[in-house]
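Residue numbers (our numbering), protein chains in the order written: chain A, 11 to 298; chain B, 3 to 453.
By construction, the Cβ of each residue, glycine as well, lies at the ideal position given by its N, Cα and C atoms.
If you're wondering where the values come from, they're calculated on a predicted model, not measured in any experiment.
Below is one structure, written out as structure tokens; the observations come after it.
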Ligand SMILES: Cc1cc2nc3c(=O)[nH]c(=O)nc-3n(C[C@H](O)[C@H](O)[C@H](O)COP(=O)(O)OP(=O)(O)OC[C@H]3O[C@@H](n4cnc5c(N)ncnc54)[C@H](O)[C@@H]3O)c2cc1C
Ligand SMILES: Cc1cc2nc3c(=O)[nH]c(=O)nc-3n(C[C@H](O)[C@H](O)[C@H](O)COP(=O)(O)OP(=O)(O)OC[C@H]3O[C@@H](n4cnc5c(N)ncnc54)[C@H](O)[C@@H]3O)c2cc1C
């Protein structure tokens, strides 16, 4: 069985920055990344907003991810390696050739977070095409050049929901409205004003999405606003935010250190990058 | 393409496909017409995927006979077609004294139905068998042989075997009318006219409408909707048996069951609806289902929900299936296959073949069967990713090779839903957050831009 001092699961901003810092401090680390390319979520965030905290530059996500990969060329980053399970200090790893075990003295879990899709929100109705999350929309728009709808509604008003607006704008998609169940938007003010004035997307607070209609494509959503049910014509639904850590590997409580968004809430890529570094320093101190 | 057949089956659900398989492997020329972009467009796409013994079916019914014949044939052929069989048992659990009083009746019915190995389970043993089940459970009847299969690979395998024996499957081929003259049917369909000596109506929730082509329909479909909530993988560790409630007059009730894909699910509800096509879910019902699951297994609290879905049972005013031949009309009716069709379909197909033989002539000598194993979707047997390859859908561990294969071959996925049903891609906890753009791009690429 292959043994490594430190194994980092996940090659996003947190995992890659931890690996690089460890290398600088003389600790050998291996990054296992399940996708074919390292870089994590920024790879499909085609808009600006990346790189400042780490490189003092204002970049798009893909540019930032490219830089992270360039910063890692001398490191042991293995793409196409999926960690299936952790048992003590042994990892079960799948790759092109099959399944192997690897052992590590320390394991860093940097597997990120995902948005809550429709199903666990129990939004009823039919099951049409055009129901997505911000992350999936971005991958469609920026990586595949595909426009899944023309006039969706956006569910939620977190920071990432505004990222959904940016993505729509990029693709010439015109959101009908941003819908928030709470009294006020979740992102800091003046997000609602920005949304309305700059992007022309009205924000409806105290509005609940109750059902999705249409087949084969979304035709409308049912909402509850001011105690009244309304039907809003649209051809897509973007569920944004309500982050769930990508933490299936924690099921049998292995001893791992968490880095980046896998803690749960969405932080900026810069914050995750810094956290990766900080954790690397702790580990280097501990094993020195 | 040949347009004149011995048999035309209307409806590409599990029942129509099993019938197509039976005739094609018997050496008749057979065509199936399905209105959807892919097979499994109706009741067969959203069910509980349990292989039933028939212990609680109406004694003496056609349904029971077909279930038991279907069950036996499934066990006989599943390995040759690479179909799953997750061996299990069912526990009919009494949660109150009134329900407990009904357990004897359930035992007696099972015995009458030839299911002899059922037995009583007292509270203490129940605790031992299912330690995570709420202590409110009072007693149960244990039914060995209630198994878990998967709803999609079985009908796909039947389709492939039929195709290998020369059958034709037409999709996007809604039958809109038909004319019977000189002993031959001419069906008008969205894929053009098709002629056949015998038409078999297996149109599920549209069965009464299709039946009207041959006669005034002796049954009316009132679709009965069933909604489900599917929990994340770790939940499947919590219960072993299929947990059934004590049935009421109206319904078999809500079941807690493991799935072949390694999840735990609760459902189905039983709601009469008018909609025949779209199986919608609703928030209040989903919440009730989830609450019911947590009542039954309190340690489910905190485990995520991966999926929600609903199915429509082709229910009629009759208790039993409506299966009959109309010799002077060249027609066989297979209607109202309500809530047991996945189990019964192979038995239904045998029954229909017998009807054919007694009314329309002997079946030719069957050639040696060609077995067409399908890709395995179940968790209890090796999955392709274990042999390596690029995983595209990480939650369900679906490889690129599996996705590409599902988009090729004699019956490529006709739409994204069909691709999901052939591979499980995008059906896991992230519901496509990570992989949908990639999977959909593969689909567009392979299906030349069709959506
Ligand atoms: C829509 C959207 C817009 C955003 N916009 C901005 C923005 O404008 N500016 C900004 O700074 N931040 C933005 N962010 C946030 C930023 O993308 C995240 O903070 C950052 O990517 C988190 O880094 P991470 O390393 O923790 O996780 P991720 O980037 O999620 O990386 C996790 C990695 O782990 C891998 N992985 C997961 N499980 C396994 C496993 N079992 N085996 C192997 N590998 C595994 C994944 O494939 C992935 O590559 C946005 C995020 C989203 C979703
Ligand atoms: C909620 C639920 C749970 C269930 N659980 C189980 C279980 O655990 N075990 C079990 O054995 N059974 C179960 N069943 C029952 C089983 O799913 C059904 O009995 C079975 O799917 C019925 O199959 P079918 O082929 O008759 O109908 P369908 O699957 O509805 O097929 C009919 C097909 O005909 C097509 N069609 C209709 N009109 C036309 C036309 N004019 N031209 C061309 N095509 C047409 C439709 O598009 C459809 O694809 C369950 C059912 C439901 C809904």
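- In summary, the residues of the stretch 80-113 of chain A whose CB is separated from some CB of chain B by less than 9 angstroms are 90, 92, 94, 104, 105, 106, 107, 108 and 109, in the order they occur in the chain.
- Linking residue 162 (chain A) to residue 137 (chain A) through their CA atoms gives a straight-line distance of about 15 angstroms.
- The closest CA to that of residue 128 (chain A), considering only B:309, B:237 and B:357, is found on B:309.
- Here the stretch 430-445 of chain B makes contact with the stretch 142-159 of chain A; the two share three or more CB pairs at distances below 8 angstroms.
- At a beta-carbon threshold of 7 angstroms, the residues of chain B lying near residue 130 (chain A) are 306 and 307, ordered along the chain.
- Here the distance from the Cβ of residue 20 (chain A) to the nearest heavy atom of ligand 1 is below 7 angstroms.
- DSSP places residue 188 (chain A) inside the beta strand (DSSP E), whose first and last residues are 187-189.
- Residue contact check for residue 125 (chain A) against chain B: a CB pair falls below 8 angstroms.
- Bounds of any beta strand (DSSP E) do not take in residue 192 (chain A), whose DSSP letter is neither H nor E.
- Assignment of residue 329 (chain B) by DSSP, reduced to helix, strand and coil, places it in the helix class.
- In the structure shown, residue 431 (chain B) falls within a coil segment according to DSSP collapsed to helix, strand and coil.
- Interface residue (Cβ-Cβ distance to chain A less than 8 angstroms): residue 265 (chain B) is not classified as such.
- Neighbours of residue 41 (chain B) in chain A, taken as residues at a C-beta separation under 7 angstroms, are lacking, since the least C-beta distance is about 16 angstroms.
- Rounded to whole angstroms, the gap between the alpha carbons of residue 249 (chain B) and residue 195 (chain B) is 46 angstroms.
- Look at residue 392 (chain B): its C-beta is under 8 angstroms from a C-beta on chain A.
- Of all residues in the stretch 266-286 of chain B, only 280, 282, 283, 284 and 285 come within less than 7 angstroms of chain A when Cβ atoms are compared, listed by chain position.
- For residue 150 (chain A), at least one C-beta of chain B is nearer than 8 angstroms to its own C-beta.
- In this structure, residue 37 (chain B) has its CB closer than 7 angstroms to one or more heavy atoms of ligand 2.
- Between residue 220 (chain A) and residue 232 (chain A), the gap from beta carbon to beta carbon is short of 8 angstroms.
- When DSSP reads this structure, residue 395 (chain B) sits in a beta bridge with B:400.
- Taking 8 angstroms as the CB threshold, residue 145 (chain A) lines the interface with chain B.
- Between residue 171 (chain B) and residue 413 (chain B), the gap from beta carbon to beta carbon is short of 8 angstroms.
- Just so you know, the alpha carbons of residue 30 (chain A) and residue 167 (chain A) end up roughly 35 angstroms apart.
- Between residue 91 (chain A) and residue 125 (chain A), the C-beta gap is not smaller than 8 angstroms, which leaves the two residues out of contact.
- When DSSP assignments are scanned along the stretch 93-148 of chain A, the uninterrupted stretches of beta strand (DSSP E) that are 3 or more residues long and fall wholly within it turn out to be 100-105, 108-119 and 141-143.
- For ligand 2, a non-hydrogen atom lies closer than 7 angstroms to the CB of residue 208 (chain B).
- A direct Cα-to-Cα measurement between residue 358 (chain B) and residue 336 (chain B) gives close to 12 angstroms.
- Distance between residue 209 (chain B) and residue 21 (chain B), taken at the CA atoms: about 15 angstroms.
- Taking CB atoms only, residue 44 (chain A) has a neighbour in chain B less than 8 angstroms away.
- Contact of residue 259 (chain A) with chain B is not assigned, every C-beta pair being separated by 8 angstroms or more.
- The beta carbon of residue 432 (chain B) lies closer than 8 angstroms to those of 396 and 397 in the same chain, with the five residues before and after it left out.
- In this structure, the beta-carbon distance from residue 343 (chain B) to residue 187 (chain B) does not fall below 8 angstroms.
- Each residue's CA atom was taken as its position, placing residue 323 (chain B) and residue 341 (chain B) some 10 angstroms apart.
- For the pair residue 293 (chain A) and residue 116 (chain A), the CB atoms are nearer than the 8 angstroms cut-off.
- Counting along the chain, residue 220 (chain A) sits inside the beta strand (DSSP E) bounded by residues 217-223.
- Set against 7 angstroms, the gap from the CB of residue 54 (chain B) to the closest heavy atom of ligand 2 is smaller.
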